[in-house]
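The sequence shown runs 128 to 339 under the numbering used here. From the three backbone atoms N, C-alpha and C, an ideal C-beta is built for every residue, glycine too.
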Amino acid sequence: MRPTRSKLNNIWKSVLAVMAFPAATVAAPIMPTSYVMPNGQSGAFDYFDQSYDGQGDNALKLSPLSGGLGELTDGVIPSESWNANYLPFVGWLTVNPTISFHFPQVAELDSMTLYFDDTEGQGGVEAPSTVDVTDGTNSVSRPVVDTPDRGQLVVTLDNLGLTGDQFDVTISKGDKWFMLSEVQFDGRYVPEPTGMALLTLGLAALSIVSRK
Numbered sequence: 128m129r130p131t132r133s134k135l136n137n138i139w140k141s142v143l144a145v146m147a148f149p150a151a152t153v154a155a156p157i158m159p160t161s162y163v164m165p166n167g168q169s170g171a172f173d174y175f176d177q178s179y180d181g182q183g184d185n186a187l188k189l190s191p192l193s194g195g196l197g198e199l200t201d202g203v204i205p206s207e208s209w210n211a212n213y214l215p216f217v218g219w220l221t222v223n224p225t226i227s228f229h230f231p232q233v234a235e236l237d238s239m240t241l242y243f244d245d246t247e248g249q250g251g252v253e254a255p256s257t258v259d260v261t262d263g264t265n266s267v268s269r270p271v272v273d274t275p276d277r278g279q280l281v282v283t284l285d286n287l288g289l290t291g292d293q294f295d296v297t298i299s300k301g302d303k304w305f306m307l308s309e310v311q312f313d314g315r316y317v318p319e320p321t322g323m324a325l326l327t328l329g330l331a332a333l334s335i336v337s338r339k
């Protein structure tokens, strides 16, 4: 028995409906698979990325680190300042580090939050001056708004509108050390193209129905 025109139309409508169904647009936390950066530097202590699990020497100042994750994405946001417990922090004094975060697929980046320690110059540590982020095509630069309070300084860059599978973050220092403990991202992954796959499935379904 051959399919009726009505049945064929219903199959096509189902295929087209799935193809046209929009992907979820709600931003959510997204996690990088690795980041690349120069290791931290030494002062009274070694302000290194001591849990970094990729290539490079995480016990050597400014060693190029790549292919892994460490302190900056471990989910640990310290409640104490660096001078009480320096281990969760990575610190830089003489360079403006660029940290390249790699993601498993193309993502639309809505916002990024960085957790610094700011002792208002005590111990030679203060807030950085600016944070820049780029997807390789478009860039966003934001000044860091310091507060008179000592302790954790949370810097959120929102409404970024960047798209890519790698985001390069450059932190420009002031005159003193800055200490960074965590970087978090909110966005959404861009779905892989599925139109041709669904069209192929639709044609296969039509072929099967036509034989019945």
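| query | Whose CA, out of Leu189, Phe228 and Val271, lies closest to the CA of glycine 263? | reply | If you number the sequence shown from 1, residue 263 lands on position 136. Nearest C-alpha to glycine 263: Phe228.
| task | Going by CA-CA distance only, name the one from Lys303, Ala234 and Ser266 that's closest to serine 256. | result | In the sequence shown, counting from the first residue as 1, residue 256 sits at position 129. Considering only alpha carbons, the answer is Lys303.
| task | Can you check the stretch 207-232 for any beta strand (DSSP E) of at least 3 residues that lies completely inside it and give the ranges in chain order? | result | 217-219
| said: I need the DSSP call for glutamine 249, collapsed to helix, strand or coil. | reply: Position 122 of the sequence shown, counted from the start, is the residue given in the question as residue 249. It is helical.
| message | Determine whether the beta carbon atoms of valine 271 and alanine 254 lie at a separation below 8 angstroms. | response | Here residue 271 refers to the residue found at position 144 of the sequence shown. Here residue 254 refers to the residue found at position 127 of the sequence shown. The Cβ-Cβ distance between valine 271 and alanine 254 falls below 8 angstroms.
| field | First and last residue of the uninterrupted beta strand (DSSP E) at glutamine 168 | value | As a position in the sequence shown, residue 168 is number 41, starting the count at 1. That residue, glutamine 168, is in no beta strand (DSSP E); it is neither H nor E in DSSP.
| message | Less than 8 angstroms between the C-beta atoms of serine 161 and glycine 194, yes or no? | response | Start at 1 with the first residue of the sequence shown, and residue 161 comes out as number 34. Start at 1 with the first residue of the sequence shown, and residue 194 comes out as number 67. In this structure, glycine 194 lies closer than 8 angstroms to serine 161 by Cβ.
| query | Skipping 5 residues on each side, what residues in its chain have a beta carbon closer than 7 angstroms to that of proline 215? | reply | As a working note, residue 215 is residue 88 in the sequence shown. Closer than 7 angstroms at Cβ, skipping near neighbours: Glu198, Val203, Pro205 and Ser308.
| Where do the N-terminal and C-terminal ends of the beta strand (DSSP E) with arginine 315 fall, by residue? | The residue given as residue 315 occupies position 188 in the sequence shown. Counting along the chain, the beta strand (DSSP E) containing arginine 315 begins and ends at 305-316.
| request: Determine, using beta carbons only, whether alanine 186 and arginine 315 come nearer to each other than 8 angstroms. | output: Reading the sequence shown from its first residue, position 59 is the one you call residue 186. Reading the sequence shown from its first residue, position 188 is the one you call residue 315. For alanine 186 and arginine 315, no; Cβs fall outside 8 angstroms.
| Reduced DSSP secondary structure (H/G/I, E/B, other) of leucine 199 | Sequence index remark: in the sequence shown, residue 199 carries index 72 (1-based). The answer is helix: DSSP assigns leucine 199 an H, G or I state.
| Residue of Leu241, Ile298 and Glu319 minimising C-alpha distance to asparagine 223 | One-based indexing of the sequence shown puts residue 223 at position 96. Residue Ile298 is the option with its Cα nearest to asparagine 223.
| query | Buried or exposed: methionine 164, going by 16 or more other Cβ atoms within 10 Å of its Cβ? | reply | Against the sequence shown, residue 164 aligns to sequence position 37. Flag for methionine 164 reads buried.
| request: Tell me, please, which residues DSSP counts as bridged to threonine 283. | output: Reading the sequence shown from its first residue, position 156 is the one you call residue 283. In DSSP, threonine 283 forms a bridge with Thr240.
| field | Through-space distance from aspartate 176 to glutamate 319, alpha-carbon basis | value | One-based indexing of the sequence shown puts residue 319 at position 192. One-based indexing of the sequence shown puts residue 176 at position 49. Roughly 34 angstroms separates the two Cα atoms.
| request: Using only the heavy atoms of the ligand PLP, determine whether one of them is closer than 7 angstroms to the beta carbon of aspartate 244. | output: What this structure holds is no ligand at all, so the ligand PLP is not there to describe.
| query | Across which residues does DSSP place glutamine 177 in a beta bridge pair? | reply | As a working note, residue 177 is residue 50 in the sequence shown. In DSSP, glutamine 177 forms no bridge with anything.
| task | Following the continuous beta strand (DSSP E) through glycine 291, name the residue where it begins and the one where it ends. | result | By one-based count along the sequence shown, residue 291 stands at place 164. Segment 289-299, the beta strand (DSSP E) holding glycine 291.
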